[in-house]
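Residue numbers (this note's numbering), protein chains in the order written: chain V, -15 to 126; chain H, 107 to 283. For reference, the structure discussed in these notes is given below.
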């Protein structure tokens, strides 16, 4: 019996380690790796990404779906180190990695929010270059 | 003695592994019983909590019928004026959970109350449009809804302080100034 118990513990431990490794692998992205990916998709070197253009993208107002002016700052506030608020009042954690290290660590999540928010603010999807610029600006904020 | 110790460790390891599994699986929708008329069944579902609660409270599935959830989840790219689109797999996963626990699923007493007077030919898109919601909130002064601290009727947790935990009974209500 003790032998069988040990065997079971071992199998469970291995199973747990595999699950843990998979979870870690899924969140292994970094702002730098994402910038490299977007630069490559845009066909430019990473050095061609522009924090200044990223900041302009963040701050520029557009005409939203309801005709009202809308920008990233509408929900994320003028200072991306601060927490923002969704339209129904739910807290949005800060966008800048300096204030929120969880940002830009999951490529699928980043793509999901670029898709949604670019459509809401710009009425179109953002280009790979714009996404790279955006992360370039946010990740250099201290 | 040794035997008991090992068995104890085995049990602990099993519990640990199972809870790890529960958290890592995409769907784990599970009702843990109805806690009374104004308390939602305790529900856990990773994608529902993570995705819906990014922007608003993960509204309890029992507050709308299945037909409403199908309409809502079928139009996420234009979700009350915002793009809330999901990848197809996550969308299907969440819809399945919502349908399984919807007001007309027979899974909760609260759902049965929500269904009273429900017009299933015109399934509502908003919880606030249901007769049940209107009746429940008829004592709330008009001005309270538009207070800055409340924002909108979509912000349940402004007054229902334990809404996150599925508690909507009167004891947990405090309308902010």
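Heads up, the beta-carbon is just placed ideally off N, CA and C, and yes, glycines get one too.
May I ask which residues mark the beginning and end of the alpha helix (DSSP H) holding residue 169 of chain H? Here residue 169 of chain H belongs to no alpha helix (DSSP H), and DSSP marks it neither H nor E.
At a Cβ cut of 9 Å, what residues of the region 173 to 190 of chain H count as close to chain V, listed as they run along the chain? Listed by position along the chain: 183, 184, 186, 187, 188, 189, 190.
Residue 113 of chain V - partner residues in DSSP beta bridges: BP columns for residue 113 of chain V are empty, so no partner.
Residues near residue 84 of chain V by beta carbon distance below 8 Å, same chain, minus five either side: 77, 78
Chain V contacts from the region 260 to 278 of chain H (Cβ-Cβ distance under 9 Å): 260, 261, 263, 264
Would you report the Cα separation of residue 127 of chain V and residue 70 of chain V, rounded to the nearest angstrom? Residue coverage of chain V in this structure runs from -15 to 126, which leaves residue 127 of chain V outside it and unanswerable.
Go to residue 243 of chain H, then tell me how far its alpha helix (DSSP H) extends in each direction, as first and last residue. No alpha helix (DSSP H) holds residue 243 of chain H; DSSP gives it neither H nor E.
Check for me: the alpha helix (DSSP H) holding residue 199 of chain H runs from which residue to which? 194 to 206
Taking C-beta to C-beta, are residue 115 of chain V and residue 98 of chain V nearer than 7 Å? yes
To the nearest angstrom, how far is the alpha carbon of residue 106 of chain V from that of residue 186 of chain H? 17 Å
What are the residues of the region 234 to 258 of chain H that lie near chain V, defined by any Cβ-Cβ distance shorter than 7 Å? 257, 258
How many angstroms separate the CA atom of residue 244 of chain H from the CA atom of residue 280 of chain H? 15 Å
So that I know if they touch, is there some Cβ in chain V lying closer than 7 Å to that of residue 161 of chain H? yes
Is the Cβ-Cβ distance between residue 269 of chain H and residue 260 of chain H less than 7 Å? For residue 269 of chain H and residue 260 of chain H, no; Cβs fall outside 7 Å.
From what residue to what residue does the alpha helix (DSSP H) around residue 15 of chain V run? 15 to 26
Is there a Cβ from chain H that is less than 7 Å from the Cβ of residue 27 of chain V? Chain H, which has no Cβ nearer than 7 Å to the Cβ of residue 27 of chain V, makes this no.
Indicate the three-state DSSP secondary structure (helix, strand or coil) for residue 135 of chain H in the structure shown. Reliability of the predicted coordinates at residue 135 of chain H is poor, the pLDDT of 39 falling under 50, and no value is obtained from them.
Nearest neighbour of residue 12 of chain V, chosen from V:122, V:94, V:113, V:118 [CA to CA]: V:94
Going along the chain, which residues of its own chain have a beta-carbon closer than 7 Å to the beta-carbon of residue 18 of chain V, five neighbours each way excluded? Only residues of its own chain outside the window of five on either side were considered, and among them 88, 91, 94, 119 have a CB closer than 7 Å to the CB of residue 18 of chain V, listed in chain order.
Just to check my reading of the structure: residue 72 of chain V and residue 257 of chain H have Cβ atoms closer than 8 Å, yes? What is that Cβ distance to the nearest angstrom? 6 Å
Span of the alpha helix (DSSP H) holding residue 126 of chain V? From DSSP, residue 126 of chain V is part of no alpha helix (DSSP H); its letter is neither H nor E.
Under three-state DSSP, which class holds residue 281 of chain H? coil
Under the three-state DSSP convention, the category residue 162 of chain H falls into: coil
Buried versus exposed call for residue -13 of chain V [16 or more other C-beta atoms within 10 Å across all chains shown]: Confidence at residue -13 of chain V is low in this model, with a pLDDT of 47, below 50, so its placement is unreliable and the value that follows should be read with caution. Per the 10 Å Cβ criterion, exposed.
Between the CA atoms of residue 57 of chain V and residue 40 of chain V - distance to the nearest angstrom: 11 Å
If we count Cβ pairs, one from each stretch, closer than 8 Å, do we get three or more for the region 174 to 188 of chain H versus the region 218 to 233 of chain H? yes
If you compare alpha carbons, which of H:182, H:192, H:160 is closest to residue 74 of chain V? Residue nearest to residue 74 of chain V within the set H:182, H:192, H:160 is H:160 (criterion: CA-CA distance).
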